[in-house]
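**Q** The structure under discussion is supplied below as structure tokens; questions concerning it will follow.
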Amino acid sequence: MVPIPVVRQTARIETKNLRYYECRFCGFEDKVLVKASGTGLSTAYGISGEAIDAARHSARVDENDMLKLCPCPQCGQRDSAHFIAKWVIAMLLTSSLAALLPIGMSAMFGDTELPGVMLAFGSVLALALVGIVFWQFFAKWINSTCSVVFGVSGSLAATDDHL
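Residue numbers for the sequence shown follow this note's numbering, so the first one is 5 and each next one is one higher.
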């Protein structure tokens, strides 16, 4: 047998795009500069464009999140309903998957001391996973203020991608 090498490629992209901002609460409108970053992975061999496309898509998603999460300079409100819904779903999925671990282990091993140990382990794992998910969303919430610059002049078609 001849081994087939599999190359893992990682692309990281940072973007600065001029976008149109409109507050859904007070109607404030402005052109803004949105800074975002994205990472893309490709495990196929020889396809470098796949990782770059994934990084661009990830940066676009990050850019949209930043645009929604930045507080309006006029009223201070954030359009965060969609972001909070994603956060709640991620928290529920993470904690339910971690809670299923001790249940599955007790079903596999029956009436031994292991289910109690696994319940404790599953609880610690659930708390750790929930903390990691919370920190990722919280960091995006905090960083949204420095990623959006208001009062920028220029054409809305300008794009500046850096690989």
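Just so it is clear, CB atoms sit at the ideal spot from N, CA and C, and this is done for glycine as well.
Taking C-alpha atoms, which residue in 27, 57, 80, 23 lies nearest to residue 38?
**A** Counting from 1 along the sequence shown, the entry for residue 38 is found at position 34. Taking only the C-alpha atoms, the option nearest residue 38 is 23.
**Q** Enumerate, from N- to C-terminal direction, the unbroken beta strand (DSSP E) stretches of 3 or more residues contained entirely within the stretch 31-107.
**A** Taking only runs of at least 3 residues, the beta strand (DSSP E) segments lying wholly in the stretch 31-107 are 33-46.
**Q** Can you check DSSP and say which residues form a bridge with residue 22?
**A** The sequence position of residue 22 within the sequence shown is 18, counting from 1. The partner list for residue 22 (beta bridge, DSSP) reads 37.
**Q** In three-state terms, what does DSSP make of residue 134?
**A** For the purposes of this step, residue 134 is identified with residue 130 of the sequence shown, where counting begins at 1. DSSP places residue 134 in helix when its eight states are reduced to three.
**Q** Can you tell me whether residue 17 is buried or exposed? The criterion is at least 16 other CB atoms within 10 Å of its CB, across all chains shown.
**A** Reading the sequence shown from its first residue, position 13 is the one you call residue 17. That one is buried.
**Q** Could you compute how far the alpha carbon of residue 73 sits from the alpha carbon of residue 36?
**A** Within the sequence shown, numbered from 1, the residue matching residue 73 stands at position 69. Within the sequence shown, numbered from 1, the residue matching residue 36 stands at position 32. If I take the Cα positions, the gap works out to 13 angstroms.
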